[in-house]
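Each remark here refers to the structure printed beneath this line.
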């Protein structure tokens, strides 16, 4: 094959054995590939003389790895996360799909949907079960199988609306347009469950005809298809002399009894219901009905109109009655002496006089007395309603109130509170100077124009009221307060005992900045400060390892720190300075095995033998002699002491330990071991 | 769009939600004790205050953020918010009325005809979604206006959007599509 390079020697001469399925480098002999999928067929002879084909079974979605001989139970071990997810999903889909009796093709399609969903990261943050159910339901819809979302939610014991939400999201994200549900799809399924025996087919056909009729009559828009099916099946059953009760039907169809009854009554309203059974089978009525909600709406409209007409008539009648009432009263008062005086007194009340008289001037003279009496009644009326609070408001509103005297009087029902107050406010607004711009967003000051302070004052309780309210609230929320008190007591007790653990909200791990240090020693120091080191490491030994001649104990102490962070630095600069550093060549080769043992975090000290990589950064590397130790480290302080001075970076024996400490960028791993 | 000019559709705004800040810490306990029209929800940490005049309900948090709902127009919402701030001022807090913003507007509109929902969904595929098993209306989203319309088969349409203009524009936009799938009354 062209372009293939051997990993071992870099040679390009690679031999491909199609029969065995191997790819071997002819230079160094390393096997680059085996178990290549080939299209040749080879046969081998069995012991019994027969022949069998050479080959292995490879699973469809596996990576083609050979399963362990005799094992195979750790199937998910070593696979990457994505493959695991897909495999899990596949298993779930099959499990759920078999319960729904879906065929293999549907399951495969569902799995494809699932793969698409995973690649679009739609499984993140959602329960796997929900996503799988949504995939399955999507397949059901596209294939047109008679499965309802309700069935899936039954199986999973999940709220159907939650499933619906996931399903809608999936359909939208995958840009799949699920065709609309046709209730006719459900008929055979429900009919089968209702056990009609031999007449199953006939009943189904009748129910289908009924459904189509319902569709034409606009009963099916916006309704659950299962409800319509239930109604159609019930009627069809009755038509064929099967006595199926409502209860049986609803247990099969999964709707509420009232829903079913409602559908039946709606159907009853259509003209089709008037036909006999035979007629229905033969004739198809041409006209279509309006949807039941429309007819209901029309009915409401008509009722409203009737009510309006009635109320108008009522007004007129009441007006007449009140006018008679007034006339009678006036007569009575007239019969008494000082009749006019009484009226004059009435009209002098408040500041109505001017307004009333002005109004009176407009009206006919005959009605003058009537008007005065009416306005007086209005005054009383208003006073009762509004109370003494808004006395000033009354005065303002009465001009308007007076003009509408008759109408308001006769209505008697609606409170003019809102109206009157609204008017007063608007009047105040007109009277007061045009306020500042309502656009006070930049200003921050509160624009008081149009705000009725008096009303707001009413919102504020005085002391006694506040006390009463406080008591009421305490009584209402007694349980909650009790809980709070218990919680406090519990916390106090725990604090005393010293085992109080405060559940702080989890703070996300911050990314630590890389340590900036001029010397390796400083760097190690800083690193040790930052990172909590595991307790499984024997620090004394580590320090001994680090210490190289002439080092004070403090320096020794800092050494491991320096070493560790220098290790860390080294790893970062390893690729760059691998080639550049001075004592590069001889140590270079040993670098590789070192790097590969990075993952063994708490590896034995035995590994701490190998010489340090020169790649500790060009500036750190001193051209001093590099001490290379090839055997296991002997923890002789003298020997190690020598090294100490030479170069910090050449902490050869403790390399891997340092790498353990500083070299692993696995985050806050050290924390796990603390206080175990 | 002939039908447009014939009929004037009434868009009725039923709810306007707005938020504003008082820039000062509010003592909920004090408000709860001294207000006549408040409900104190201590477990959640908020106070509900209802006003009668612009009929609004306000949720007050101790941080000073207030959400105001129930108004029937944008001006009314602002008016109610100001009244609320005024009443808080009267209770003794140093209230500053800032960051007033209308967040959501809910409106209802009635078409003079019924609508065939399955047909409508088919014609407006990506925007419209209809699940009769879950909800009897078609949910139509307009991304550019950030508005959502719920279209019922009776012809009634519920629109929610970030402000009144968006709502009106949404209704304008949807009218031709809905008109296509209307049901002719014989």
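Residue numbers (this note's numbering), protein chains in the order written: chain A, 1499 to 2174; chain B, 278 to 463. Even glycine gets a Cβ: it sits at the ideal position worked out from N, Cα and C. All of these numbers come straight from a predicted model, not from anything done at the bench.
Within 8 angstroms of the CB of residue 1675/A, the CB atoms of chain B belong to 402, in sequence order along the chain.
Residues of the same chain with a CB within less than 6 angstroms of the CB of residue 396/B, apart from the 5 flanking positions on each side, are 458 in chain order.
The straight-line gap separating the alpha-carbon atoms of residue 1626/A and residue 1673/A is approximately 20 angstroms.
Residue 1626/A carries a helical assignment under DSSP once its states are collapsed to helix, strand and coil. By the neighbour-count definition (other C-beta atoms within 10 Å, threshold 16), residue 1976/A is an exposed residue.
One Cα belongs to residue 1823/A, the other to residue 1830/A, and the distance between them is close to 11 angstroms. Using beta-carbon distances, residue 331/B does not count as an interface residue toward chain A, since no partner is under 7 angstroms. In the DSSP annotation of this structure, residue 418/B is not part of any alpha helix (DSSP H); the continuous beta strand (DSSP E) holding it starts and ends at 415-419. Under the three-state reduction of DSSP output, residue 1716/A falls in the coil class, being neither helix nor strand.
Around the CB of residue 1541/A, fewer than 16 other CB atoms lie within 10 Å, so the residue is classed as exposed.
Excluding its 5 nearest sequence neighbours in each direction, residue 367/B has no C-beta neighbour in its own chain below 7 angstroms.
Interface flag for residue 287/B against chain A is unset, since no Cβ pair is found closer than 7 angstroms. In this structure, DSSP gives residue 1605/A a helical state, which the three-state scheme calls helix. Look at the stretch 409-429 of chain B: the residues with a C-beta under 8 angstroms from a C-beta of chain A are 409, 410, 411, 413, 414 and 429. By the criterion of at least three beta-carbon pairs nearer than 8 angstroms, the stretch 1641-1649 of chain A is not in contact with the stretch 1614-1623 of chain A. The beta carbon of residue 1516/A sits closer than 6 angstroms to the beta carbons of 1536 and 1538 from its chain, once the five residues preceding and following it are set aside; these are given in chain order. For residue 1702/A, same chain residues with a beta-carbon under 7 angstroms away, outside a window of 5 residues either side, are 1685, 1686 and 1689 in chain order. When the five nearest sequence neighbours on each side are left out, the beta carbons in the same chain lying within less than 8 angstroms of the beta carbon of residue 400/B are those of 454, 457 and 458, in order along the chain.
Along the stretch 338-349 of chain B, there is no position whose C-beta sits under 7 angstroms from a C-beta of chain A. What residue 389/B touches in chain A, judged by beta-carbon distance under 9 angstroms, is nothing: the nearest beta carbon there is about 11 angstroms away. Look at the beta carbons and you see the stretch 1628-1641 of chain A touching the stretch 1590-1607 of chain A: at least three pairs across the two are nearer than 8 angstroms. Distances from the CA of residue 1693/A to each of 1747/A, 1714/A and 1681/A were compared; the closest alpha carbon is that of 1747/A.
The C-alpha of residue 1585/A lies about 19 angstroms from the C-alpha of residue 1623/A. For residue 1742/A against residue 1732/A, the beta-carbon gap comes to about 6 angstroms, under 8 angstroms, which counts as contact.
Interface annotation for the stretch 432-459 of chain B against chain A: empty, criterion Cβ-Cβ distance under 7 angstroms. Cα atoms of residue 1706/A and residue 428/B: separation of roughly 28 angstroms, rounded to the nearest angstrom. Around residue 378/B, the same chain offers 296 as residues with beta carbons nearer than 6 angstroms, after the five sequence neighbours per side are excluded. Taken atom to atom, the span from the alpha-carbon of residue 412/B to that of residue 398/B is near 14 angstroms. For the C-beta of residue 1647/A, the chain B residues within less than 7 angstroms are, from N- to C-terminus, 410. Around the beta-carbon of residue 1765/A, 16 or more other beta-carbon atoms lie within 10 Å, marking it buried. Within the same chain, and ignoring the five residues on either side of residue 1651/A in sequence, the residues whose Cβ sits closer than 6 angstroms to its Cβ are 1658 and 1661.
Residue 328/B has its alpha-carbon roughly 39 angstroms from the corresponding atom of residue 1987/A. Identification of chain B residues near residue 1978/A by a Cβ-Cβ cut-off of 7 angstroms yields 319 and 320, ordered along the chain. Contact between residue 426/B and residue 435/B holds: CB atoms are separated by about 7 angstroms, below the 8 angstroms threshold. Taking a cut-off of 8 angstroms for Cβ pairs, the stretch 401-410 of chain B and the stretch 346-357 of chain B do not touch, as fewer than three such pairs fall below it.
Identification of chain A residues near residue 311/B by a Cβ-Cβ cut-off of 7 angstroms yields 1958, 1959 and 1964, ordered along the chain.
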